[in-house]
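Undergrad:
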Amino acid sequence: MISIAIIIPAYNEELTIREVMQDFYNHCPEAAIYVIDNNSSDKTAEIARKTYEELGCSGALLQERRKGKAMAVKKAFREVDADVYVMVDADLTYPAADLHRLLEPVLRGDADMVCGDRHDAGIYSRENKRPMHDTGNKAVRMLINKLFQGNLHDILTGYRVFSKRFVKNFPILSTGFELETEISIHALDNGYSIVEVPTNYMDRPAGSVSKLSTVSDGVKVIKTIFSVLMNHRPLFFFSIISAILLILAILAGLPAVLDYFRYEYVFHLPLAVLSMGLFTVSALALTIAFILHGLRTSQRYDHVLSLMHWDERNLEHEKH
Numbered sequence: 001m002i003s004i005a006i007i008i009p010a011y012n013e014e015l016t017i018r019e020v021m022q023d024f025y026n027h028c029p030e031a032a033i034y035v036i037d038n039n040s041s042d043k044t045a046e047i048a049r050k051t052y053e054e055l056g057c058s059g060a061l062l063q064e065r066r067k068g069k070a071m072a073v074k075k076a077f078r079e080v081d082a083d084v085y086v087m088v089d090a091d092l093t094y095p096a097a098d099l100h101r102l103l104e105p106v107l108r109g110d111a112d113m114v115c116g117d118r119h120d121a122g123i124y125s126r127e128n129k130r131p132m133h134d135t136g137n138k139a140v141r142m143l144i145n146k147l148f149q150g151n152l153h154d155i156l157t158g159y160r161v162f163s164k165r166f167v168k169n170f171p172i173l174s175t176g177f178e179l180e181t182e183i184s185i186h187a188l189d190n191g192y193s194i195v196e197v198p199t200n201y202m203d204r205p206a207g208s209v210s211k212l213s214t215v216s217d218g219v220k221v222i223k224t225i226f227s228v229l230m231n232h233r234p235l236f237f238f239s240i241i242s243a244i245l246l247i248l249a250i251l252a253g254l255p256a257v258l259d260y261f262r263y264e265y266v267f268h269l270p271l272a273v274l275s276m277g278l279f280t281v282s283a284l285a286l287t288i289a290f291i292l293h294g295l296r297t298s299q300r301y302d303h304v305l306s307l308m309h310w311d312e313r314n315l316e317h318e319k320h
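Below, the structure is given as structure tokens:
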């Protein structure tokens, strides 16, 4: 029988955690529910324990003292063993009624990751009361799809289903709410099979306070994109830096070159020195670009090889 683990990272969600657990248990009683309490200061953990007793469901309450959604999910991915993993927020924004539609592609073996698409039919725009978040979502989606040749509609959805193959081969590097960005980029960059399924989305219930900050979390997402660009697209990233430095070197050196052709003497000596310095750094950046591109190509090859070995081991295990 295929085992399903529902991963619910929670930080100060005492108003909603009980209902989220009940909702998912009612729609998928065979699944094990794991609530990862992320060092909450309210009664989230206490309510979760009582709900486990009431429902009698399998799973466990896990504690992660290091703050950050990514830390909580990393703990679950490391400690929980299942065939299929469901990741969902604890704020009652994603309905369990859509779970089986999200599970189907992974259960059939058609996808390594299924994303609950909140943007289908404009649901997220209608329900979300923070318009800047919607704008930020669109900007991030366009940028990532462009850079990684993807066609995802909801890059930042918190409602996802993963195969064991994906989870056990995914090293989470982020710490907070930039996790969804990292997951999407990892899946696109490494050629995992991705399916999007339209899902309903509801804004938080009254009294429940969002942990997201439009500005600070937006900055974190942008930092993550730059970090991933540097690590996953080094040729593009450092070539851009090299080109900018080269243009600045030409602009800085132009007065010195004109001096030489006009007077056979360089009056703008500081600019000439600056130009040479910028040109040297530009050449260095381009050299770094090619070196890191070679290393990244090797890493991608190793990752594909590791997935092949993973698949072979699973096939042997199934035969026995």
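The numbering of the sequence shown is the UniProt record's numbering, which starts it at 1 and goes up by one.
We treat Cβ as the ideally placed atom computed from N, Cα and C, and that holds for glycine.
(1) Is MET202 near the ligand NAP, judged by its Cβ being under 6 Å from some heavy atom?
(2) Quick one: residues in its chain with C-beta nearer than 8 Å to the C-beta of GLU29, no 5 flanking neighbours on either side, listed in chain order?
(3) If you reduce the DSSP assignment to three classes, tell me which class LEU62 lands in.
(4) Below 7 Å between beta carbons: does that hold for THR199 and GLY116?
(5) Can you give the Cα-Cα distance for LEU246 and LEU235, rounded to whole angstroms?
(6) Once the 5 residues before and after GLY59 are set aside, which same chain residues still bring their CB inside 6 Å of it?
(7) I need the straight-line Cα distance from PHE170 to ALA272, nearest angstrom please.
(8) Compare the Cα-Cα distances from GLU14 to each of ARG49, PHE77, ILE6, LEU258 and report the closest residue.
(9) May I ask you to list the residues that DSSP assigns as paired with ILE7?
(10) To the nearest angstrom, how far is it from the Cα of HIS309 to the Cα of MET21?
(11) Tell me, to the nearest whole angstrom, how far the beta carbon of LEU179 is from that of LYS69; I am working on the premise that it is less than 8 Å.
(12) When we look at the beta-carbon of LYS168 and count the other beta-carbons within 10 Å, is it buried (16 or more) or exposed?
(13) Could you tell me which of HIS100, TYR11, ASN190, ARG65 sits nearest to ASN26, measuring between CA atoms?
(14) Mark GLY253 as exposed unless 16 or more other C-beta atoms lie within 10 angstroms of its C-beta, in which case mark it buried.
(15) Output the distance between the C-alpha atoms of ILE6 and VAL86, rounded to the nearest integer angstrom.
(16) On the CB-based measure, 16 or more other CB atoms within 10 Å of its CB, does PRO105 come out buried or exposed?
(17) Tell me which residue opens and which closes the beta strand (DSSP E) that PHE162 is part of.
(18) Could you check if TYR192 is buried or exposed, using at least 16 other CB atoms within 10 Å of its CB as the buried criterion?
(19) Using 8 Å as the cut-off, can you tell me whether the region 281-295 makes contact with the region 259-272, which would need three or more C-beta pairs spanning the two stretches below that distance?
(20) Quick one: what does DSSP say ASP117 is sitting in, helix, strand or coil?
(21) Pull up the CB-CB distance for ALA76 and ILE17, whole angstroms please, since I reckon it's below 8 Å.
(22) Can you tell me which residues form a DSSP beta bridge with VAL197?
(23) Let me confirm a value: VAL140 is counted as buried when at least 16 other C-beta atoms fall within 10 Å, else exposed. Which label applies?
(24) Can you tell me which of VAL114, ASN137, LEU92 puts its alpha carbon nearest to the alpha carbon of LYS164?
(25) Of the residues GLU79, ALA90, LEU147, which one's Cα is nearest the Cα of ILE225?
(26) Excluding the five sequence neighbours on either side, which residues of its own chain have a C-beta within less than 7 Å of the C-beta of SER282, listed in chain order?
(27) Over the uninterrupted alpha helix (DSSP H) stretch that includes TYR25, give me the two end residues.
(28) My assumption, with CB atoms under 8 Å, is that VAL73 sits in contact with ILE222. Please give the rounded CB distance.
(29) Ignore the nearest five residues each way along the sequence and tell me which others in ALA42's own chain have a CB closer than 7 Å to its CB.
TA: Reading off the structure:
(1) Among the components modelled here there is no ligand, and therefore nothing to report on the ligand NAP.
(2) One point to set straight first is that residue 29 is Pro, not Glu, in the sequence displayed. CYS57.
(3) Looking at LEU62 - three-state DSSP - the assignment turns out to be strand.
(4) yes
(5) 16 Å
(6) ALA32, ILE33, TYR34
(7) 48 Å
(8) GLU14 has its Cα closest to that of ARG49, out of ARG49, PHE77, ILE6, LEU258.
(9) TYR34, MET87
(10) 36 Å
(11) 5 Å
(12) exposed
(13) The shortest Cα separation from ASN26 among HIS100, TYR11, ASN190, ARG65 belongs to HIS100.
(14) buried
(15) Roughly 5 Å between the two C-alpha positions.
(16) buried
(17) 160-163
(18) buried
(19) no
(20) Three-state DSSP puts ASP117 in a strand.
(21) About 15 Å separates the Cβ atoms of ALA76 and ILE17, ruling out a contact at the 8 Å cut-off.
(22) GLY116
(23) buried
(24) For LYS164, the closest of VAL114, ASN137, LEU92 by C-alpha to C-alpha distance is VAL114.
(25) LEU147
(26) For SER282, where only same-chain residues beyond five positions count, the Cβ hits under 7 Å are SER242, LEU245, LEU246, ALA249.
(27) 17-27
(28) Taking a contact as a CB-CB distance under 8 Å, the pair VAL73 and ILE222 does not count as one, their CB atoms being some 21 Å apart.
(29) One detail in the question is off: residue 42 reads as Asp in this sequence, not Ala. For ASP42, where only same-chain residues beyond five positions count, the Cβ hits under 7 Å are ASN12, GLU14.
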